[in-house]
Structure formats: C-alpha cells, structure tokens
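Chains as they are written, first to last, in full-length UniProt numbering: chain A, 1 to 145; chain B, 1 to 145.
Dropping the structure here:
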C-alpha cells in the first residue's frame with residue numbers, strides 16, 4: 001500500500017476508534033504530508049468536517065501554489081462538498097481508496113481536469129461496509145440522506 | 001432589506017470588524033435562523049470556514065429533512081466548496097447578496113434544481129469592493145488564486 005493512502009487509512013481507523021465515521025484523508029505536498037484528518041461529525045458535532053475537509057483544515061492557510069502542487073488522498077470517493085473544496089483550491093490530483101460504498105463527484109472532478117486515481121482498496125471497502133451496516137443512520141446523516 | 005439577508009450582512013460586518021473577510025451567511029429553517037456565521041480565514045486560520053460553511057457548522061448536526069426545508073442566505077455568490085455543501089445537504093434555495101465581486105457556481109446549483117434568488121445588494125457590493133481593493137492578497141487566497 002502506498003504510504004500516503006496508508007496514512008489516510010490510519011486516520012480513518014483513528015476516527016473509528018473515537019466512535020466516529022471511518023473516513024480519513026491526507027494532503028501531500030512535495031512528498032510531505034502537510035495536513036491529515038478524519039471525519040469529525042461525531043467527535044465535534046461537525047457537519048462540515050468530512051475527512052478531506054479536516055485534512056485541509058489541519059493543513060491551515062496555504063498559498064495557492066502549494067495546493068496546485070499537492071495531492072489529496074482520501075479513503076472514500078469525495079462527496080460534493082469535498083469535491084468543491086478540491087476544485088476551489090485547484091488541487092490537481094485525488095487518490096481515492098474506494099468508491100464502492102459511495103460514489104462521489106468523480107465525474108465533476110474529471111470534467112475540471114483533476115487527475116483521479118482509484119486504489120480500489122479491500123481494506124477501505126471492508127471498513128465502510130462494516131460501518132454502514134452497523135450505523136446506517138449516522139452514515140445517512142453524513143451524506144445528507 | 002429582507003431580515004435574513006440583513007442578518008447575513010450583519011455577520012459579514014462582524015467579520016470585517018474582527019479583521020476578517022466580510023462575507024456572512026445564515027441558515028433559515030421554518031422562518032428561524034438555525035445557524036449564522038462568517039468567513040473565519042483570518043480569525044481562526046481556517047481555509048474551510050467560508051461564510052456559508054461557518055453558518056452550516058454553527059447550525060450543528062441536523063437531520064436531512066431540516067436541510068431540505070431550509071434556505072441559506074449569503075452575502076456573496078457561493079464558491080465551489082460552499083456550493084458543494086449546499087448540494088450535499090440538499091438545501092433547496094439560496095439567497096445571494098451579490099455576484100458582481102465574485103461569480104460562484106450558480107449555474108451548477110441551478111442545474112441541480114436549486115432555486116437561486118439574487119438580491120443584488122449595493123451594500124454587499126460596496127463591502128466586497130472595498131475589501132478587495134484594500135486586501136487583494138487575502139481575497140485571492142480565499143478563492144484559491
């Protein structure tokens with residue numbers, strides 16, 4: 001497993017251990033993780049801190065050139081909000097653990113020229129499958145359903 | 001001026017008084033403001049808390065049915081991130097103070113069936129014009145440029 005996707009998975013596991021939704025993400029610039037995060041809906045009552053948003057938040061304020069040379073890794077296909085954040089900052093590449101549990105706005109990202117790499121990780125799929133089976137209401141809340 | 005747009009403008013002014021970017025928003029459900037917020041880039045070093053995101057964050061966790069009966073008011077046309085959040089939660093109506101200083105993803109919102117109402121507020125325009133003239137670098141950072 002790519003070490004950055006592994007770091008995103010580690011974030012997802014940390015979220016699960018906290019009683020949260022197991023989705024993690026890291027923002028990588030120049031081969032270095034500059035922000036890491038995981039979904040915080042349960043932990044802080046946040047409707048905006050999805051995994052990718054938390055990684056962006058924890059990276060802090062960055063100049064445009066940094067985002068434009070970065071890659072964001074996420075264990076799950078990015079929803080419309082996280083997709084919008086990726087587009088706002090012009091992040092050119094997204095590495096996605098899996099899109100079987102949830103298919104996000106990958107077509108929109110591609111249409112804007114973002115490079116999408118799908119890992120199709122069995123570990124990511126299993127983590128989400130178990131979570132969705134165990135806590136369907138929480139999962140539906142997280143995706144606005 | 002509609003009282004909810006006025007509340008969004010008041011949030012923007014509060015942000016400006018704090019040394020921040022003057023964009024405010026309120027989330028209204030059943031005629032009641034359930035979340036209010038303003039851009040927090042300067043105040044908390046946040047790259048994700050645009051005005052609309054802050055209003056959603058401050059509304060806390062809400063069931064899907066609440067978002068789907070809500071209206072979000074924002075002093076400025078919503079960027080791709082805020083647009084994505086509106087679409088994630090299925091908020092059916094967006095009232096926008098102005099889109100002269102910045103044209104957000106209104107076409108995407110409309111294409112997804114979101115009702116857009118443009119107030120075309122002179123006060124909103126003046127507030128943003130002055131801010132962009134005074135702090136162009138900060139403004140560019142906020143829109144990823």
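Every residue gets a Cβ at the ideal spot worked out from N, C-alpha and C, and that includes glycine.
Quantities reported herein were computed from a predicted structural model and do not represent experimental measurements.
The continuous beta strand (DSSP E) containing residue 26 of chain B extends over residues 24-29.
What residue 41 of chain A touches in chain B, judged by beta-carbon distance under 8 angstroms, is 61, going in chain order. Taking 7 angstroms as the Cβ-Cβ cut-off, the stretch 69-81 of chain B approaches chain A at 79, 80, 81, given in chain order. Sorting B:32, B:112, B:78 by C-alpha distance to the C-alpha of residue 54 of chain B places B:78 at the top. Within the stretch 103-118 of chain B, no residue has a Cβ lying closer than 7 angstroms to any Cβ of chain A.
Take residue 22 of chain B, set aside five residues on each side of it, and the residues of its chain with a beta-carbon closer than 6 angstroms to its own are 12, 15, 16, 127, 131, in chain order.
With the rule of 3 Cβ pairs closer than 8 angstroms, the stretch 109-121 of chain B does not count as touching the stretch 134-145 of chain A. Contact annotation: in the stretch 21-55 of chain B, residues whose CB is within less than 7 angstroms of a CB in chain A are 41, 45, 46, 47, 48, 53. In the structure shown, the three-state DSSP call for residue 89 of chain A is coil. At the C-beta level, residue 85 of chain A and residue 97 of chain B stay beyond 9 angstroms of one another. Between residue 93 of chain B and residue 114 of chain B, the gap from beta carbon to beta carbon is short of 9 angstroms. Within chain A, the C-beta atoms nearer than 7 angstroms to that of residue 57 of chain B come from 46, 47, 48, in chain order. Sequence-distant partners of residue 129 of chain A (beyond 5 residues in either direction) whose C-beta falls short of 6 angstroms from its own C-beta are missing from its chain.
Look at residue 95 of chain A here: in three-state DSSP terms it is strand. Comparing alpha carbon positions, the residue from B:71, B:7, B:19 closest to residue 42 of chain B is B:19. Close partners of residue 8 of chain B in chain A (Cβ separation under 7 angstroms) are lacking, with about 18 angstroms as the shortest Cβ gap. When the Cα atoms are used, residue 87 of chain A and residue 30 of chain B turn out to be separated by approximately 32 angstroms.
Between the alpha carbons of residue 76 of chain A and residue 122 of chain B lies a gap of roughly 42 angstroms.
The three-state secondary structure of residue 10 of chain B, taken from DSSP, is helix. Within chain A, no C-beta atom comes less than 8 angstroms from the C-beta of residue 19 of chain B; the nearest is roughly 14 angstroms away. As summarised for the stretch 94-133 of chain B, the continuous alpha helix (DSSP H) elements at least 4 residues long and confined to that stretch are 106-111, given in chain order.
Assignment of residue 74 of chain B by DSSP, reduced to helix, strand and coil, places it in the strand class. Look at residue 65 of chain B here: in three-state DSSP terms it is helix.
Annotation: the continuous alpha helix (DSSP H) that includes residue 51 of chain B extends over 51-59. Nearest C-alpha to residue 32 of chain B among B:95, B:141, B:71: B:71. Excluding sequence positions up to five before and after residue 91 of chain A, its CB lies within less than 6 angstroms of the CB of 67, 70, 72, all in the same chain and listed in chain order.
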